[in-house]
Amino acid sequence: MTATTIPSRILLMSGVTRMRTHSKRPVSVADTLAGARLGIADLVVMVTSAAAPMTVIAAGATLQWAVTGQLGIPIAYLAVAAILTVFAVGLVDMSSHITNAGAFYAYITHGLGRHLGVGGSFIAVLAYNAMAVGMLGGAGAIASSWLADQFDVSVPWWICGLSFWALVTLFGVLRIDLNGRFLLFLLGGEILVAAGLAAVHVAHPAGGVLTFDALNPWSLFTGSGAVLMVIGVTGFVGFEQTVVYAEEAKRPERTVRQATFLSLALIGGLYAFASWAMSVAAGPDNIVAMATEHGTELTFVLAGPYIPAFVNILGHILFVTSLLAGYLAFHNTAARYHYSLGREGVLPSWLGRISARTGAPMAGSWLQSAIGFSVVMLYAAMSWDPELYLFFWGTCIGGLGVLILMTLTSAAIPAYTWIRRRSGEAASLLRGVVAPLVALVPLTWILVQTMLNIHIMLGLEPGDPLTWAAPVAFLSAAVLGVVWATVLRRARPEVYYRIGRGIRVDSHLAQPVGLAVGSAR
Numbered sequence: 005m006t007a008t009t010i011p012s013r014i015l016l017m018s019g020v021t022r023m024r025t026h027s028k029r030p031v032s033v034a035d036t037l038a039g040a041r042l043g044i045a046d047l048v049v050m051v052t053s054a055a056a057p058m059t060v061i062a063a064g065a066t067l068q069w070a071v072t073g074q075l076g077i078p079i080a081y082l083a084v085a086a087i088l089t090v091f092a093v094g095l096v097d098m099s100s101h102i103t104n105a106g107a108f109y110a111y112i113t114h115g116l117g118r119h120l121g122v123g124g125s126f127i128a129v130l131a132y133n134a135m136a137v138g139m140l141g142g143a144g145a146i147a148s149s150w151l152a153d154q155f156d157v158s159v160p161w162w163i164c165g166l167s168f169w170a171l172v173t174l175f176g177v178l179r180i181d182l183n184g185r186f187l188l189f190l191l192g193g194e195i196l197v198a199a200g201l202a203a204v205h206v207a208h209p210a211g212g213v214l215t216f217d218a219l220n221p222w223s224l225f226t227g228s229g230a231v232l233m234v235i236g237v238t239g240f241v242g243f244e245q246t247v248v249y250a251e252e253a254k255r256p257e258r259t260v261r262q263a264t265f266l267s268l269a270l271i272g273g274l275y276a277f278a279s280w281a282m283s284v285a286a287g288p289d290n291i292v293a294m295a296t297e298h299g300t301e302l303t304f305v306l307a308g309p310y311i312p313a314f315v316n317i318l319g320h321i322l323f324v325t326s327l328l329a330g331y332l333a334f335h336n337t338a339a340r341y342h343y344s345l346g347r348e349g350v351l352p353s354w355l356g357r358i359s360a361r362t363g364a365p366m367a368g369s370w371l372q373s374a375i376g377f378s379v380v381m382l383y384a385a386m387s388w389d390p391e392l393y394l395f396f397w398g399t400c401i402g403g404l405g406v407l408i409l410m411t412l413t414s415a416a417i418p419a420y421t422w423i424r425r426r427s428g429e430a431a432s433l434l435r436g437v438v439a440p441l442v443a444l445v446p447l448t449w450i451l452v453q454t455m456l457n458i459h460i461m462l463g464l465e466p467g468d469p470l471t472w473a474a475p476v477a478f479l480s481a482a483v484l485g486v487v488w489a490t491v492l493r494r495a496r497p498e499v500y501y502r503i504g505r506g507i508r509v510d511s512h513l514a515q516p517v518g519l520a521v522g523s524a525r
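What follows is the structure, given as structure tokens:
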């Protein structure tokens, strides 16, 4: 059921009444995203690519060992996967009732009100654009470094970055199913090589003995256990994008549900297996020291003596393409949030333009491309380190924003379920109330721990003023969104009542009854 076909009693509670649309659209612009183009496999590929498994395995896991000095990275991945699976129960239930490309924005709006919904939407725009430009910076930096090491060719990172930017800018306005096929090609290679390297690690354990120390759940309750969970959750950012593509999915209720859980199982299983395999090959007593020494080369160093040279080269290439795939996936997600907000008039309405030929949110895609280009050129002009300050910080900050959105959504889902039950609708208490509330507890704990340990995530000293830059940025975005919703309520009530409903700003709605007495939140 789409956001624009909500039962009339829900619309009346919201103060919205549908009327016939008479607006004329340019022939080059469509009214809606292209529907029924993505199947289960397409969605799994899209969201798993966003998680960038090769990047997380080669860089994320080794970084966690080096930063925390703790062994239990694999069990942390499994624990995070379990928490997010419980969260996903409520998420896909919400998606079955509200289909909106601005997923978290719409869910927060329907559960917690329009003001918090717009605040959440501004957090989403900031978070997903940070993830996209972070991946872009990482792809450029890693590609430049690899070309220098492999071929002794000096290519500035920003030239490599702009090459990837041009490719993603093109794909961003093409059919979404074509994006899926391209990502499938990249993701298939990633998974095969990552799983193959892990198998080599397990086949050659340190000292000839398989060890399971890294899977000890008690490691999560040590002093640094919270940090393991905090950094671990960033590796799953992207799985939630299944609901973003619901408007473009075939049989969205079934497709989104199955793709979400399949993606979590694939991502969580691969992360846990590959990181455990590295601990086996290095030995539980040596993994931290080796991760500190070799960094992102660790997985290749451990397998190097047992694999052909071309596999090592292929693995490094797939490391770069993993970042490229992640960049494309987050570019598409940011573009759809831009589109959703433009469609409803929360942001300029031109952002709601869709290509009539491809069904892609072309204006939202152009905006994301403009942001990516501007950030790359700024970093190049200022000679800032793209690997640390763009890739590492950008993805950490973006991950924090998505964690905030998941926490807010966990609170919004039971609130919306309660609204539906009060209106007489049948609504599952297990999926709509129990599961999201159960997930809310650990998500809130992880969010609090993230705030307390953000200096560790960003590699800063305690007390460094930059430590609070990201939390302040997201708080400012949320406050700005709440203020903007207040302005819309007073100055443009017809836009205010469309917030989170998926209704085009150029459609005609009857004046909502009860506006003066606050019939809608």
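For what it's worth, the numbering used here labels the leading residue of the sequence shown as 5, then goes sequentially. Beta carbons: idealized from backbone N, C-alpha and C, even for Gly.
Assign residue i to buried or exposed, taking buried as 16 or more other Cβ atoms, counted over all protein chains shown, within 10 Å of its Cβ.
{"i": "L174", "result": "exposed"}
{"i": "M233", "result": "buried"}
{"i": "S359", "result": "buried"}
{"i": "Q154", "result": "exposed"}
{"i": "L407", "result": "buried"}
{"i": "M366", "result": "buried"}
{"i": "M461", "result": "buried"}
{"i": "F334", "result": "buried"}
{"i": "R494", "result": "exposed"}
{"i": "R340", "result": "buried"}
{"i": "A313", "result": "exposed"}
{"i": "A40", "result": "exposed"}
{"i": "S32", "result": "For S32, the predicted structure reports a pLDDT of 46, less than 50, and the residue's modelled location is therefore unreliable. The matter cannot be settled from this model."}
{"i": "D46", "result": "buried"}
{"i": "Y420", "result": "buried"}
{"i": "Y526", "result": "Because the chain here runs from 5 to 525, residue 526 falls outside it and cannot be looked at."}
{"i": "I163", "result": "exposed"}
{"i": "I10", "result": "The predicted model places I10 with a pLDDT of 36, which falls under 50 and marks its position as unreliable; any figure quoted below should be read in that light. Buried is the call here."}
{"i": "L470", "result": "exposed"}
{"i": "V197", "result": "buried"}
Identify the continuous alpha helix (DSSP H) that holds residue i and give its terminal residues.
{"i": "D289", "result": "Unbroken run through D289: none, as it is neither H nor E."}
{"i": "T337", "result": "A313 to E348"}
{"i": "F108", "result": "A107 to L116"}
{"i": "H459", "result": "I458 to L462"}
{"i": "N183", "result": "I180 to A207"}
{"i": "V379", "result": "M366 to M386"}
{"i": "S414", "result": "W397 to R426"}
{"i": "F478", "result": "A473 to A495"}
{"i": "A83", "result": "I77 to H101"}
{"i": "F175", "result": "W161 to F175"}
{"i": "V305", "result": "L302 to A307"}
{"i": "L67", "result": "A65 to T72"}
{"i": "V231", "result": "G229 to T238"}
I'd like to confirm the pairing. Which residues does DSSP put opposite residue i in its beta bridges?
{"i": "R253", "result": "Here residue 253 turns out to be Ala, not Arg, going by the sequence shown. According to DSSP, A253 bridges with L42."}
Between the options, which has its C-alpha nearest residue i's C-alpha?
{"i": "L274", "options": "G239, E301, A307 and A293", "result": "G239"}
{"i": "L140", "options": "Q372, I503 and G368", "result": "Q372"}
{"i": "G308", "options": "R494, G200 and L151", "result": "G200"}
{"i": "I77", "options": "F265, W280, A253 and P390", "result": "W280"}
{"i": "S283", "options": "G212, M135 and V380", "result": "G212"}
{"i": "A293", "options": "W370, D46, L479 and G73", "result": "G73"}
{"i": "L42", "options": "V486, N290 and Q262", "result": "Q262"}
{"i": "A65", "options": "V159, T490 and A80", "result": "A80"}
{"i": "A253", "options": "L151, F396 and G363", "result": "G363"}
{"i": "I450", "options": "V437, G229 and G184", "result": "G229"}
Contact criterion: CB-CB distance below 7 Å. Does residue i meet it with respect to chain B?
{"i": "I408", "result": "Among the protein chains of the structure shown there is no chain B, as only one such chain exists."}
Quiz item: For the region 90 to 108 against the region 405 to 419, are there 3 or more C-beta pairs whose distance is under 8 Å?
Solution: Yes, the region 90 to 108 touches the region 405 to 419.
Exercise. Evaluate the contact criterion for the region 203 to 218 versus the region 101 to 109: three or more CB pairs, one atom per stretch, below 8 Å.
Key: Touching, no, given that fewer than three Cβ pairs across the two stretches are closer than 8 Å.
Exercise. Mind the definition here: the region 308 to 323 touches the region 248 to 266 only if three or more C-beta pairs lie below 8 Å; say whether that holds.
Key: Because the criterion of three Cβ pairs below 8 Å is not met, the region 308 to 323 and the region 248 to 266 do not touch.
Quiz prompt | Contact the region 121 to 132 vs the region 339 to 351: 3+ CB pairs below 8 Å | solution = With a cut-off of 8 Å, the region 339 to 351 and the region 121 to 132 count as touching, because enough Cβ pairs lie within range.
Exercise. Determine contact between the region 326 to 336 and the region 52 to 59, defined as no fewer than three beta-carbon pairs at a distance below 8 Å.
Key: Touching, yes, given that three or more Cβ pairs across the two stretches are closer than 8 Å.
Self-check item: Touch test, the region 180 to 196 against the region 380 to 387, Cβ-Cβ under 8 Å, three pairs minimum
Solution: Segments in contact, no.
Quiz item: With contact counted as at least three CB pairs below 8 Å, one residue from each stretch, are the region 299 to 315 and the region 111 to 118 in contact?
Solution: The region 299 to 315 vs the region 111 to 118: no contact.
Quiz item: Would you say the region 424 to 434 touches the region 161 to 180, given that touching needs at least three Cβ pairs under 8 Å?
Solution: With the cut-off at 8 Å, the region 424 to 434 and the region 161 to 180 do not touch.
Exercise. For the region 489 to 505 and the region 129 to 147, state whether three or more C-beta atom pairs, one from each stretch, are separated by less than 8 Å.
Key: Cβ pair count under 8 Å is below three, so no.
Exercise. Could you tell me whether the region 388 to 397 touches the region 428 to 443, where touching means 3 or more Cβ pairs closer than 8 Å?
Key: No: fewer than three Cβ pairs fall under 8 Å.
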